[in-house]
Each structure stands twice: as C-alpha cells, then as structure tokens.
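What follows is a short report on a single structure.
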Amino acid sequence: MLIAVTHPNTPSLRLDLEANTICAVQQNMSAEKGLVRNVRVRITALRRRFIKVQIPQTCEVRYLPHITFAFDPARSNWMANRK
Numbered sequence: 609m610l611i612a613v614t615h616p617n618t619p620s621l622r623l624d625l626e627a628n629t630i631c632a633v634q635q636n637m638s639a640e641k642g643l644v645r646n647v648r649v650r651i652t653a654l655r656r657r658f659i660k661v662q663i664p665q666t667c668e669v670r671y672l673p674h675i676t677f678a679f680d681p682a683r684s685n686w687m688a689n690r691k
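Mapping of the sequence shown onto our numbering: position 75 corresponds to residue 683, and the numbering continues sequentially without gaps.
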C-alpha cells in the first residue's frame, strides 16, 4: 500500500546507484568537509546505511548518510517516511 503513495516533490521509492558513478550532491551537508550543493562526487561504495564517496578535486573520502523523506499524503492524517 505505501509503495503506491506518492506526493509532489518526493523522490520515487528506489534510486539505483553504481560504484564509480559521478553524481552531484543536491543539498548542503557540510561546508567544512566540502559536501555542499552541486559538488561532484564519485561513488566508491554503497552500504546499507551510508554511501562512501570521493571528491575528485581533493581525493578526500567522505560518507553520506541515507536520507529519509517524510511527507503527508493528500487528504490523510498520517505521515509517510521513505529512506
């Protein structure tokens, strides 16, 4: 049932990533660590709770947590969470 629940501005339930893929960070996470919006990172490993990335310009390795999206479905009194 929850798989069928959608909401505007909420990503789909599944995102397929692969190692050695170049991606862009979509939100500011840590300016001190260089993880700011639109910075390019290379995915080096995918884990259950985090994604290991490398910033190509500096060769530094960082860990990004999986993000939970919470939203209220239309005409409901409960909240859905997607990880």
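Just so it is clear, CB atoms sit at the ideal spot from N, CA and C, and this is done for glycine as well.
All values reported here derive from a predicted model rather than from experimental measurement.
Determine the DSSP secondary structure at residue i, reduced to helix, strand or coil.
i: residue 652; result: strand
i: residue 670; result: strand
Going by beta carbon distance, what residues of the same chain come within less than 8 Å of residue i, once the five residues before and after it are set aside?
i: residue 652; result: 627, 628, 660, 661, 662, 669
Can you give me the Cβ contacts of residue i inside the same chain, cut-off strictly under 7 Å, excluding the 5 residues immediately before and after it?
i: residue 658; result: 671, 672, 673, 674
i: residue 649; result: 631, 633, 661, 662, 663
i: residue 635; result: 645
Residue i: buried (16+ other C-beta within 10 angstroms of its C-beta) or exposed?
i: residue 644; result: exposed
Going along the chain, which residues of its own chain have a beta-carbon closer than 6 Å to the beta-carbon of residue i, five neighbours each way excluded?
i: residue 665; result: none
i: residue 642; result: 663
i: residue 575; result: The shown model of the chain, from 609 to 691, leaves out residue 575, and the question about it has no answer.
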